[in-house]
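Trainee: Let me begin by handing over the structure; questions about it come next.
Dropping the structure here:
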């Protein structure tokens, strides 16, 4: 176990956290020294957010110890953590839109005069804090009238106003442009020079290397690596974070056959130069009928944003989407569905299933307008379709009326696949189609995707698993920082090439130290 450094400001050891049916953290640790910028990274579900919430008093831990400024602590609330000197800036800005900028900066700590708020002092102090961040605005205006980027800077100014010894920044640059990121980094360096410490959560590798001193990598609820960033290459960092060393990826690990081929030379989907906010800068890809195209990249690389843009969830600020040569005007998902595009989202529990509805109701949710006559659902036709897909996809259920929440994760995913197959789509977008599914069900889903492509369906598959990319995809587009940066095809789709592309390095520069993940972990 890592020994606590005498210079440590924060020392979290052997942290456990359980939720019903889920072990979110197991023996996790995080040590942050005084006056350092410490990166905390990991893929989705690695446990970063849970660890931060335990630190800041939003969750209570089930095991382990937390020492802050030399004493053991157990914060019962976020207010207690803030009072002790820990400020947190979350990715989603948590401020009061109808209050003024100044009120948000100093909410709960407003200067008083004769028992009343001193508005002149309030506005002056807020203006002073924002000017330090390079933001020149009228702090008397309601916060809701400003951009997300400005709101993010207001959240930072609020954290700075507390004069905290530890500032936790959870994806602070997600809504900032290049100039604003530069100002934020200048502020971070100033805080460090003044003796404060920063926990910096980000998936943008260049940002980590630009501003951070050390890194803690988490995976599956555990801390797997603690290291100085200056001695850790990007390739080594990425391979450790995704948990798949090149030498560990073997053929035959999935349900994909690898034998499907695109039908003809015609392009089904063509997306060029897609842009939306700062998270999607320049994404381009194409899919042919009968082809599985993989979309790879680290979390935050722009994969899901690309899928959302193609499906009409996020309006395009630049670029074009064509289906069968026709330019689509995607105002919302209804336009995409009408054109023949389906999307199985990454979080099936939040954006996919309706838990208290039945299998029948969930499966035919998108199809209801086609099943209705004069506003009345044709229940006989609906039930026939449901029974057809239950049999075709092998959905294990007590019957069409069973609540979908009672099904296993794999069977819930099959119902979602059936929902879109019932629409007879031309293109199916699958965002992490096997995440959170047991091994047996995962292979079934993969075989089903394989069969659908074999029948001529175009598939765009987002996956964090190297095996799914290397065995399932005919082509892979690798994304980084909101841009499509590399295309791999056929035999060139290897674990080595994928890791190198995601890290932004050359394939030949893959270090020998990436062989054997156990050597990475701190003792």
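Residue numbers (the numbering used here): 491 to 1013. For every residue, glycine included, the Cβ atom is placed at its ideal position computed from N, Cα and C. All of these numbers come straight from a predicted model, not from anything done at the bench.
(1) Residues in the same chain with beta-carbon distance under 8 Å from residue 596, minus the five sequence neighbours each way, listed in chain order, please.
(2) In terms of residue numbering, what span does the beta strand (DSSP E) encompassing residue 1030 cover?
(3) Bridge partners of residue 762, per DSSP?
(4) What number of angstroms, rounded off, separates the C-alpha of residue 784 from the C-alpha of residue 923?
(5) I need the boundaries of the beta strand (DSSP E) containing residue 704, first residue and last residue.
(6) Report yes if the CB atom of residue 797 is closer than 8 Å to the CB atom of residue 921, and no otherwise.
(7) Assuming the contact rule is C-beta atoms closer than 8 Å, residue 992 and residue 966 should be a hit. Round their C-beta distance to whole Å, please.
(8) Could you say which of 701, 691 and 692 lies nearest to residue 682 if we only look at CA atoms?
(9) So residue 533 and residue 659 are in contact, right, with Cβ under 8 Å, and what is the actual spacing, rounded?
(10) Can you give me the C-alpha to C-alpha distance between residue 862 and residue 854, rounded to a whole angstrom?
(11) CA-CA distance, residue 1035 and residue 895?
(12) Does at least one heavy atom of the ligand MN sit under 7 Å from the Cβ of residue 869?
(13) Take every Cβ of the region 826 to 846, pair it with every Cβ of the region 801 to 816, and state whether three or more of those distances are shorter than 8 Å.
(14) According to DSSP, residue 832 sits in a beta bridge with which residue or residues?
(15) Just curious, the alpha helix (DSSP H) that residue 894 is in, first and last residue?
(16) Do residue 972 and residue 722 count as a contact pair if the criterion is CB distance below 8 Å?
(17) Look at the alpha carbon of residue 833 and the alpha carbon of residue 506, and state the distance between them as a whole number of angstroms.
(18) Would you give the residue range spanned by the beta strand (DSSP E) that residue 865 belongs to?
(19) Does the count of Cβ pairs from the region 507 to 518 and the region 539 to 546 closer than 8 Å reach three?
(20) Taking the alpha-carbon positions, what's the residue 1018 to residue 667 distance?
(21) Are the region 520 to 531 and the region 676 to 690 touching, with three or more C-beta to C-beta distances below 8 Å?
(22) Buried or exposed: where does residue 935 fall if 16 or more other Cβ atoms within 10 Å of its Cβ makes it buried?
(23) Can you give me the Cβ contacts of residue 565 inside the same chain, cut-off strictly under 6 Å, excluding the 5 residues immediately before and after it?
(24) Would you tell me roughly how many angstroms separate the C-alpha atoms of residue 917 and residue 842, rounded to the nearest one?
(25) Rounded to a whole number of angstroms, what is the C-alpha to C-alpha distance between residue 815 and residue 778?
(26) Roughly how many whole angstroms lie between the Cα atoms of residue 497 and residue 836?
(27) Do residue 763 and residue 808 count as a contact pair if the criterion is CB distance below 8 Å?
(28) Considering only residues of the same chain and omitting the five flanking positions on each side of residue 598, which have a CB-CB separation below 7 Å?
(29) Using the three-state DSSP reduction, which class does residue 504 fall into: helix, strand or coil?
(30) Measuring alpha carbon to alpha carbon, tell me which residue in 879, 919 and 932 is nearest residue 905.
(31) Please work out which residues of its chain come closer than 8 Å, Cβ to Cβ, to residue 873, disregarding the five sequence neighbours upstream and downstream, and give them in chain order.
(32) Using DSSP with H/G/I as helix, E/B as strand and the rest coil, what is residue 533?
(33) What do you reckon, are the CB atoms on residue 907 and residue 883 nearer than 8 Å?
(34) Would you decide whether residue 655 is buried or exposed? Buried here means 16 or more other CB atoms lie within 10 Å of its CB.
(35) How big is the Cα-Cα spacing for residue 792 and residue 501?
Mentor: Answer, in terms of the structure:
(1) Here residue 596 refers to the residue found at position 106 when the chain shown is read from its first residue. Taken in chain order, the residues that qualify are 612, 615, 616, 648 and 651.
(2) As displayed, the chain neither begins before 491 nor continues past 1013, which places residue 1030 out of reach and without an answer.
(3) Along the chain shown, one-based indexing puts residue 762 at 272. Residue 762 is bridged to 810.
(4) Counting from one through the chain shown, the residue named residue 784 turns up at place 294. Counting from one through the chain shown, the residue named residue 923 turns up at place 433. One C-alpha to the other measures close to 12 Å.
(5) In the chain shown, the residue the question calls residue 704 occupies position 214. Following the DSSP letters along the chain, one finds residue 704 inside the beta strand (DSSP E) bounded by residues 704 to 709.
(6) As a position in the chain shown, residue 797 is number 307, starting the count at 1. As a position in the chain shown, residue 921 is number 431, starting the count at 1. Result yes, Cβ atoms of residue 797 and residue 921 sit closer than 8 Å.
(7) What you label residue 992 is simply residue 502 of the chain shown in a count that begins at 1. What you label residue 966 is simply residue 476 of the chain shown in a count that begins at 1. About 11 Å separates the beta carbon of residue 992 from that of residue 966, a gap too long to meet the 8 Å contact definition.
(8) Residue 682 sits at position 192 when you count from the first residue of the chain shown. Ranking the options by Cα distance to residue 682, first place goes to 701.
(9) Taking the first residue of the chain shown as 1, we reach residue 533 at position 43. Taking the first residue of the chain shown as 1, we reach residue 659 at position 169. Actually they are not in contact, since the Cβ atoms of residue 533 and residue 659 sit about 19 Å apart, beyond 8 Å.
(10) Within the chain shown, residue 862 is the residue found at index 372, counting from 1. Within the chain shown, residue 854 is the residue found at index 364, counting from 1. Taking the straight line joining both Cα atoms gives about 11 Å.
(11) No information on residue 1035 is available, as it lies outside the stretch 491 to 1013 that the chain covers here.
(12) Only the bare structure without any ligand can be found here, which leaves the ligand MN out of the picture.
(13) The region 801 to 816 and the region 826 to 846 touch, with three or more beta-carbon pairs separated by less than 8 Å.
(14) Locating residue 832 in the chain shown gives position 342, where the first residue counts as 1. Residue 832 pairs with 918.
(15) For this step, residue 894 is matched to residue 404 along the chain shown. Segment: none, residue 894 is in no alpha helix (DSSP H) and carries neither H nor E.
(16) For the purposes of this step, residue 722 is identified with residue 232 of the chain shown, where counting begins at 1. For the purposes of this step, residue 972 is identified with residue 482 of the chain shown, where counting begins at 1. Not a contact, by the Cβ cut-off of 8 Å.
(17) What you label residue 833 is simply residue 343 of the chain shown in a count that begins at 1. What you label residue 506 is simply residue 16 of the chain shown in a count that begins at 1. One C-alpha to the other measures close to 35 Å.
(18) The count along the chain shown starts at 1 and reaches residue 865 at position 375. In the DSSP assignment, residue 865 falls outside any beta strand (DSSP E) and carries neither an H nor an E.
(19) Three or more beta-carbon pairs separated by less than 8 Å link the region 507 to 518 to the region 539 to 546, which places the two stretches in contact.
(20) An answer regarding residue 1018 cannot be provided, because it is not within the stretch 491 to 1013 covered by the chain.
(21) The region 520 to 531 is in contact with the region 676 to 690.
(22) Position 445 of the chain shown holds residue 935. Flag for residue 935 reads buried.
(23) The sequence position of residue 565 within the chain shown is 75, counting from 1. Excluding sequence neighbours, residue 565 sits near 547 and 571.
(24) The residue you call residue 917 lines up with position 427 of the chain shown. The residue you call residue 842 lines up with position 352 of the chain shown. Between the C-alpha atoms of residue 917 and residue 842 there is a straight-line separation of about 18 Å.
(25) Position 325 of the chain shown, counted from the start, is the residue given in the question as residue 815. Position 288 of the chain shown, counted from the start, is the residue given in the question as residue 778. So the two alpha carbons sit approximately 12 Å from each other.
(26) As a position in the chain shown, residue 497 is number 7, starting the count at 1. As a position in the chain shown, residue 836 is number 346, starting the count at 1. Separation of residue 497 and residue 836 (C-alpha to C-alpha, rounded to the nearest whole angstrom) is 41 Å.
(27) For the purposes of this step, residue 808 is taken as the residue at position 318 of the chain shown. For the purposes of this step, residue 763 is taken as the residue at position 273 of the chain shown. Taking a C-beta distance under 8 Å as the contact criterion, residue 808 and residue 763 qualify as a contact pair.
(28) Residue mapping note: residue 598 aligns to position 108 of the chain shown, counting from 1. The answer is none, since no qualifying residue turns up.
(29) In the chain shown, counting from the first residue as 1, residue 504 sits at position 14. Of the three classes helix, strand and coil, the one that applies to residue 504 here is strand, per DSSP.
(30) As a first step, residue 905 must be located in the chain shown, where it is residue number 415. Nearest in C-alpha terms to residue 905, of all of 879, 919 and 932, is 879.
(31) Along the chain shown, read from residue 1 onward, the residue named residue 873 stands at position 383. Sequence-distant partners of residue 873 (beyond 5 residues in either direction) whose C-beta falls short of 8 Å from its own C-beta, in its chain, are 850 and 890.
(32) Against the chain shown, residue 533 aligns to sequence position 43. Residue state, collapsed to three classes: coil.
(33) Position 417 of the chain shown, counting from 1, holds the residue named residue 907. Position 393 of the chain shown, counting from 1, holds the residue named residue 883. Cβ atoms of residue 907 and residue 883: closer than 8 Å.
(34) Against the chain shown, residue 655 aligns to sequence position 165. Under this definition residue 655 is a buried residue.
(35) To locate residue 792, count along the chain shown from 1; it is residue 302. To locate residue 501, count along the chain shown from 1; it is residue 11. Distance between residue 792 and residue 501, taken at the CA atoms: about 33 Å.
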